[in-house]
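Chemist: Chains as they are written, first to last, in the numbering used here: chain W, 1 to 270; chain H, 1 to 445. A virtual CB, placed ideally from N, CA and C, is assigned to each residue, including glycine. Computed from a predicted model, the values in this text were never measured in an experiment.
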Amino acid sequence: MNLAFFYAAIAMYLLSAAGYLVFFIKPEKKRIADAALWSAFLGFVLHFIYFILRWSESGRIPVTSFFEAINALGMGIILVFLLMELRYRIPSLGTFILPLVLVLMSPAAVISGRIEGLNPILRSAWLGIHTSLAVLGDAAFAFSFIVSVMYLLQERQLKHKHLGTIFHRLPPLDIMDTIGYRALSIGWPLYTLGMVTGSIWAESAWGSYWSWDPKETWSLIVWVVYLVLLHLRTIGWRGRKMAYLSIAGFVFVLISFFVVSRAGIGKHSF
Amino acid sequence: MGIVVVGLSHKTAVTECRAKLTFPEDTIPAALGRLMSYPGIQESLIISTCNRVEIYASVKDSAEGTESIKQFISDYHGLSRPDLEQSLYVYVDSEGVRHVFRVASSLDSLVVGEPQILGQLKDSFDLALKAKTTSTVLNKLLKKSISVAKRVRTETRLAEGAVNISYAAVELAKKIFGTLEGKSVLLLGAGEMAELAARHLMNNKVDKIMVANRTFERAEELAQEFKGDAIRFEHFPSTMVTADILICSTGAQKPVVTYDIVRQVARDRRYRPIFLIDISMPPNIDAECDKIDGVYLYNIDALQGVVDTNVQGRQQEAEKAEDIIRQEVDTYLQWERSLDAVPTIVDLREKVEDIRKRELEKTLCGMNGVTDEQRRAMEVLTQAIVNKMLHAPLVVLKQAAANPEGGDVIAVARKIFNLDRELKKPSHVHAKGFGAAEQREPEKS
Numbered sequence: 001m002n003l004a005f006f007y008a009a010i011a012m013y014l015l016s017a018a019g020y021l022v023f024f025i026k027p028e029k030k031r032i033a034d035a036a037l038w039s040a041f042l043g044f045v046l047h048f049i050y051f052i053l054r055w056s057e058s059g060r061i062p063v064t065s066f067f068e069a070i071n072a073l074g075m076g077i078i079l080v081f082l083l084m085e086l087r088y089r090i091p092s093l094g095t096f097i098l099p100l101v102l103v104l105m106s107p108a109a110v111i112s113g114r115i116e117g118l119n120p121i122l123r124s125a126w127l128g129i130h131t132s133l134a135v136l137g138d139a140a141f142a143f144s145f146i147v148s149v150m151y152l153l154q155e156r157q158l159k160h161k162h163l164g165t166i167f168h169r170l171p172p173l174d175i176m177d178t179i180g181y182r183a184l185s186i187g188w189p190l191y192t193l194g195m196v197t198g199s200i201w202a203e204s205a206w207g208s209y210w211s212w213d214p215k216e217t218w219s220l221i222v223w224v225v226y227l228v229l230l231h232l233r234t235i236g237w238r239g240r241k242m243a244y245l246s247i248a249g250f251v252f253v254l255i256s257f258f259v260v261s262r263a264g265i266g267k268h269s270f
Numbered sequence: 001m002g003i004v005v006v007g008l009s010h011k012t013a014v015t016e017c018r019a020k021l022t023f024p025e026d027t028i029p030a031a032l033g034r035l036m037s038y039p040g041i042q043e044s045l046i047i048s049t050c051n052r053v054e055i056y057a058s059v060k061d062s063a064e065g066t067e068s069i070k071q072f073i074s075d076y077h078g079l080s081r082p083d084l085e086q087s088l089y090v091y092v093d094s095e096g097v098r099h100v101f102r103v104a105s106s107l108d109s110l111v112v113g114e115p116q117i118l119g120q121l122k123d124s125f126d127l128a129l130k131a132k133t134t135s136t137v138l139n140k141l142l143k144k145s146i147s148v149a150k151r152v153r154t155e156t157r158l159a160e161g162a163v164n165i166s167y168a169a170v171e172l173a174k175k176i177f178g179t180l181e182g183k184s185v186l187l188l189g190a191g192e193m194a195e196l197a198a199r200h201l202m203n204n205k206v207d208k209i210m211v212a213n214r215t216f217e218r219a220e221e222l223a224q225e226f227k228g229d230a231i232r233f234e235h236f237p238s239t240m241v242t243a244d245i246l247i248c249s250t251g252a253q254k255p256v257v258t259y260d261i262v263r264q265v266a267r268d269r270r271y272r273p274i275f276l277i278d279i280s281m282p283p284n285i286d287a288e289c290d291k292i293d294g295v296y297l298y299n300i301d302a303l304q305g306v307v308d309t310n311v312q313g314r315q316q317e318a319e320k321a322e323d324i325i326r327q328e329v330d331t332y333l334q335w336e337r338s339l340d341a342v343p344t345i346v347d348l349r350e351k352v353e354d355i356r357k358r359e360l361e362k363t364l365c366g367m368n369g370v371t372d373e374q375r376r377a378m379e380v381l382t383q384a385i386v387n388k389m390l391h392a393p394l395v396v397l398k399q400a401a402a403n404p405e406g407g408d409v410i411a412v413a414r415k416i417f418n419l420d421r422e423l424k425k426p427s428h429v430h431a432k433g434f435g436a437a438e439q440r441e442p443e444k445s
């Protein structure tokens, strides 16, 4: 029964992605963009209901298995997208974000969604706080990644003086530069807090703030990459270079999320 | 009843010829009044812009109406008919409807997709409405053409992409900066082209204009015009650091804005984007500058390339728009046919009802001692017969109204039920309906 909400959410995301794709090809159909936004919103609501139901069923916040983690990440990215869309009204963002969410969540189709037991020492309020912050940070990085890809596409059009369909669909460079940076400047502090709370929790569970567990190490790398990026921004790096850096940073996020966690070693493995 | 369009446009007549036939706005009401006095003109409207002069009319008979309009133009402008005829086009009925829709949707415009024509059409419609020279047919036609134009605008990308160089420059600037509010422009060289481009950017809310020119006086002159600042020519590189858009029209034989200058400027700007527009021939900004981060250089050729792509794009969209117009012409003609069908249906009903009442009256008069109940029964009986008989023809007529070939059916119906004959002999028309007089004739004899 609970899974029905999950499938319904995925169906809405698929619908939304399809709508945004059609809108990108035929931008005169503005209603399709509206419908796609509503689908994404409805998908998010269904997804959230599923999250709550799973929470009440397992008695803990569902973020501990790989299945649960990609669900949380997908939900986080959609949330960031919805907020940004509300603020900036750039429907072409959806054309890129929704497919990314579906791709990131695609392993959910083949892996087990079974609710697994949790080590009792990990049962703590920190679990929810640490993971939500980390996931929201990752989601903001994902958003910035997408905007950077769009930026590079648009910049390429402008530099090559070949102004095709994409040129008309994509937002202006300066706006993408701004919102990409804004996402990072919100995401990085959240990610930092995620690390800090994780470390506090680790101290209470295992008695040590930091133990160079593989996930911790990778998170630190991700954290440093974005720190460097934000620093370069303040000394005047922007535009294309920033876009490349943001894309590179997200590659580290992906490795941390999909490779390190899955490697089966350390405290964060699922 | 029909629609006639007579006119000339940039496609059929040279500018001088169009100029001779224009109707200045303040003369249109009087001209419309005069046109209405010509034979067969029931409704009329004049649209007169720099690219077209057209008269739309609803007429009793197409040939007569066309003739009247041509004669009117010839009389009004004092031109001989042969001179006039060679540049005029005529569209009748469905072709006329299609033409009006195409004009409103800007498919017939010099620059396909330019939105001005719709406003001009609305203004012309307003003038005709005020002059009370339009009625059912033209009102419907014009309202419909406005909604068709809106549909074309929302469902196709006919107006997408700039189709002249200065619009293209503004469009590019917007794709780089988002909004032009708060941006500043540096004019390097104070030629006419640069002035025009700057004015265009001003209209798009650019904040500040700075002018640098080899002769400082000319720079001051132009700067004053834009309420901007004049800059010494040799100081332009440092000014570029604060400007967002540079329009170069220096007209030198080799690049004035060199790679080294722009590289230094980009560094000093911390690679904030700068848009360089080079409208000099040969180019006065080193083409290599484009390779620098955050620098977007477009010269005349590149801008022309953008325009050409957009023109091609619009042509593709025009095909979609033509499809929409084809559909809309069909629905319009359907409405027009239903106008024909409605009077026919009314006529037929009245005629039959009239026969029924009269025949019933005759019969009842010849009978004695008919009770009220029997009278009512006869009433119901005759009514039922009439309704049953009329059912099929009325259904066919209603269907005909919705069918492209329906006009013939309506004509046949009028003939076999003899609905038109009395129209020609108004003295015989019975107050109740068209068939009455004919039925009465035997009685008189």
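1) Can you have a look at W:Val80 and say buried or exposed, based on whether 16 or more other CB atoms are within 10 angstroms of its CB?
2) Determine the direct distance from the alpha carbon of H:Arg52 to that of H:Asp123, and round the result to whole angstroms.
3) Run the CB neighbour count on W:Ala248, radius 10 Å, all protein chains shown included, and call it buried at 16 or more, exposed below.
4) Give the secondary structure of H:Arg52 by DSSP, where H, G and I count as helix, E and B as strand, and everything else as coil.
5) Taking DSSP as the reference, what is the three-state secondary structure of H:Lys362?
6) Could you confirm whether any beta carbon from chain W is found closer than 8 Å to the beta carbon of H:Arg52?
7) With a cut-off of 8 Å on the beta carbons, I'd call W:Ala142 and W:Gly94 a contact; round off their distance for me.
8) Among H:Arg269, H:Ile261, H:Thr309 and H:Asp308, whose alpha-carbon lies nearest the alpha-carbon of H:Ala287?
9) Based on Cα-Cα distance, which residue from W:His168, W:Ile111, W:Ser56 and W:Met84 lies nearest to W:Leu184?
10) For the alpha helix (DSSP H) that H:Ala63 lies in, which residues bound it at each end?
11) When DSSP labels each residue in this structure, what does H:Gln42 get in the three-state scheme?
12) Measuring only between beta-carbons, confirm whether H:Thr154 sits less than 8 Å from chain W.
13) Using only the alpha-carbon positions, how far apart do W:Val63 and W:Pro27 sit?
14) In this structure, how does DSSP classify W:Ser65 when only helix, strand and coil are distinguished?
15) Any beta carbon from chain H within less than 8 Å of W:Ile247's own beta carbon?
16) For H:Cys17 and H:Tyr89, what's the separation of their Cα atoms in angstroms?
17) Using the three-state DSSP reduction, which class does H:Ala447 fall into: helix, strand or coil?
18) Do you know how far the Cα of W:Phe66 is from the Cα of W:Leu118?
19) Restricting to runs no shorter than 4 residues, where is the alpha helix (DSSP H) found entirely within the segment 378-426 of chain H?
20) At what residue ranges does the segment 199-251 of chain H contain a whole run of the beta strand (DSSP E), taking only runs of 3 or more?
21) Any idea what DSSP makes of W:Ile90, helix, strand or coil?
22) Start and end of the alpha helix (DSSP H) containing W:Tyr13?
23) Let's see if you can read the secondary structure: which residues bound the alpha helix (DSSP H) around W:Leu230?
24) If you measure from the beta carbon of W:Glu28 to each beta carbon in chain H, is any gap under 8 Å?
25) In chain H, which residues lie with their C-beta within 8 Å of the C-beta of W:Phe44?
26) Might you give, ordered along the chain, the residues of its own chain that have their beta carbon closer than 6 Å to the beta carbon of H:Thr258, omitting 5 neighbours on each side?
27) Determine, using beta-carbon pairs with one atom in the segment 180-198 of chain W and one in the segment 108-117 of chain W, whether at least three such pairs fall under 8 Å.
28) My output table needs one value for W:Tyr181: the three-state DSSP class, helix, strand or coil.
29) If you compare alpha carbons, which of W:Pro99, W:Ala17, W:Glu155 and W:Leu229 is closest to H:Ile274?
30) Taking only beta carbons into account, state which residues of the segment 280-292 of chain H come closer than 8 Å to chain W, listed in chain order.
31) Whose CA, out of H:Ile117, H:Thr242, H:Leu141 and H:Leu84, lies closest to the CA of H:Gly96?
32) List the residues of chain W whose Cβ lies closer than 9 Å to the Cβ of H:Lys174, in chain order.
33) Excluding sequence positions up to five away, which residues of its chain have a Cβ less than 6 Å from the Cβ of H:Phe236?
34) What residues from the segment 225-255 of chain W come within 9 Å of chain H, judged by C-beta to C-beta, listed N to C?
35) Should W:Phe23 be flagged as near chain H, meaning a C-beta pair shorter than 8 Å?
36) Whose CA, out of H:Gln374, H:Arg81, H:Ser106 and H:Ile247, lies closest to the CA of H:Gln120?
Modeler: In this structure, then:
1) By the neighbour-count rule (16 or more Cβ atoms within 10 Å), W:Val80 is buried.
2) 14 Å
3) exposed
4) Correct three-state label for H:Arg52: strand.
5) helix
6) no
7) At roughly 14 Å, the Cβ-Cβ gap does not stay under 8 Å, so W:Ala142 and W:Gly94 are not in contact.
8) H:Ile261
9) W:Met84
10) That run of the alpha helix (DSSP H) goes Ser62 to His77.
11) strand
12) yes
13) 38 Å
14) In this structure, DSSP gives W:Ser65 a state outside helix and strand, which the three-state scheme calls coil.
15) no
16) 14 Å
17) Given that chain H is displayed from residue 1 to residue 445, the structure contains no residue 447 of chain H and the question cannot be resolved.
18) 13 Å
19) 406-416 and 421-424
20) 208-213, 229-232 and 245-248
21) coil
22) Here the alpha helix (DSSP H) through W:Tyr13 covers Asn2 to Ile25.
23) Pro214 to Thr234
24) yes
25) The premise fails here: W:Phe44 is roughly 28 Å from chain H at the closest Cβ pair, so nothing lies under 8 Å.
26) Asp286
27) no
28) helix
29) The candidate whose alpha carbon is nearest that of H:Ile274 is W:Glu155.
30) Flagged, chain order: Asp290.
31) H:Leu141
32) Pro172
33) Within the same chain, H:Phe236 has close Cβ partners Leu188 and Ala212.
34) So the close ones are Ile235, Gly236, Trp237, Arg238, Gly239, Arg240 and Lys241.
35) no
36) Minimum Cα distance to H:Gln120 is reached at H:Ser106.
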